[in-house]
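Worksheet: the structure to be examined is printed underneath.
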Amino acid sequence: MNLPDVIQLGPFLVKMSMLIIAISILLAFAAVHLRLREERVFKKTIWEVMSSSILLGFVVWKFSYILLYPSKAMAQPASILYFSGGDRGFWLALLAVIVYLVVTVRKRGIPAPAFAASLALSGWTTWAAFFLLSWAVDGQNGWYDVQQAAIGVVFLLLVIRKWETLTSAVPWLSLLMWFGISQVYVGFFSQQRSLLFAGLSKTQWLYYLFAVLAWFLVSRARQTGGATHEKE
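Mapped onto the numbering used here, the consecutive letters of the sequence shown carry residue numbers 1 to 232.
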């Protein structure tokens with residue numbers, strides 16, 4: 001089933017990709033709500049931090065166009081409303097969100113393990129929902145989207161199952177290592193794959209190096225007597 005790239009909601013024109021992202025984020029909030037339904041105070045804090053980080057990320061990504069393309073923005077100010085910073089803007093937004101989260105967690109004294117688990121829960125829920133909805137709406141990436149959705153579900157279930165034990169670096173690094181490996185594998189099914197070296201694309205190489213780094217850190221942590229608990 002192929003749907004239009006842009007749909008009209010009342011007086012507004014909305015890109016289908018943005019609508020899918022919005023729905024995926026809402027499902028992530030729902031997942032956190034269900035997991036923390038008995039911890040109302042902590043749930044409220046998590047919701048506030050997540051909402052602020054999403055808003056910050058969107059604003060930085062959207063208006064990074066001014067920073068990355070100042071001449072175009074000054075020549076045509078209206079272009080700011082229609083364009084964003086693209087991939088480079090995304091990385092700037094991600095950096096801004098990471099800094100915000102680190103500062104906020106420390107400033108508000110939020111327990112780091114519980115916060116990280118909540119963040120992982122919302123992140124992999126968004127991941128699974130995004131690829132599943134993309135496959136259902138578009139279907140052009142076929143097996144790639146289906147596998148990405150399945151990967152998101154697997155890691156989502158792992159976080160839920162290991163919720164109480166995700167209090168140190170080793171289990172987190174192990175999860176990230178396997179996630180990196182899964183992305184190297186699934187990259188072979190991407191229609192946008194462009195070979196860089198040794199049969200792997202640039203994205204696959206980045207995930208491969210990410211997985212190797214995680215494996216190295218896990219090995220070091222185990223050699224030194226296990227992981228160090230995060231400060232709460």
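Think of the CB as a built atom: it goes at the ideal place given N, C-alpha and C, for glycine as much as any other residue.
Remember, it's a predicted structure, so these values are computed and weren't measured experimentally.
Item, Value
"Exposure label - residue 177; buried when at least 16 CB within 10 Å", "buried"
"Rounded Cβ spacing between residue 126 and residue 25 (contact assumed at less than 8 Å)", "6 Å"
"Heavy atom of the ligand ZN within 7 Å of residue 167 beta-carbon", "As far as ligands go, the structure on display features none, and thus does not contain the ligand ZN."
"Among 222, 197, 32, nearest to residue 119 - alpha-carbon criterion", "32"
"Short Cβ contact (8 Å threshold) for residue 130 with residue 20", "yes"
"Own chain, CB closer than 7 Å to residue 165, minus 5 neighbours either side, in chain order", "171"
"Counted within 10 angstroms of its Cβ, other Cβ atoms place residue 192 as buried (16 or more) or exposed", "exposed"
"Beta-carbon separation (whole angstroms), residue 181 vs residue 149, contact threshold 8 Å", "Wrong, their Cβ atoms sit about 17 Å apart, outside the cutoff."
"Where the alpha helix (DSSP H) through residue 195 begins and ends", "Segment 195-197 is the beta strand (DSSP E) holding residue 195; no alpha helix (DSSP H) there."
"Limits of the alpha helix (DSSP H) - the one that residue 222 falls within", "202-223"
"Within 8 Å, strictly: CB atoms of residue 159 and residue 121", "yes"
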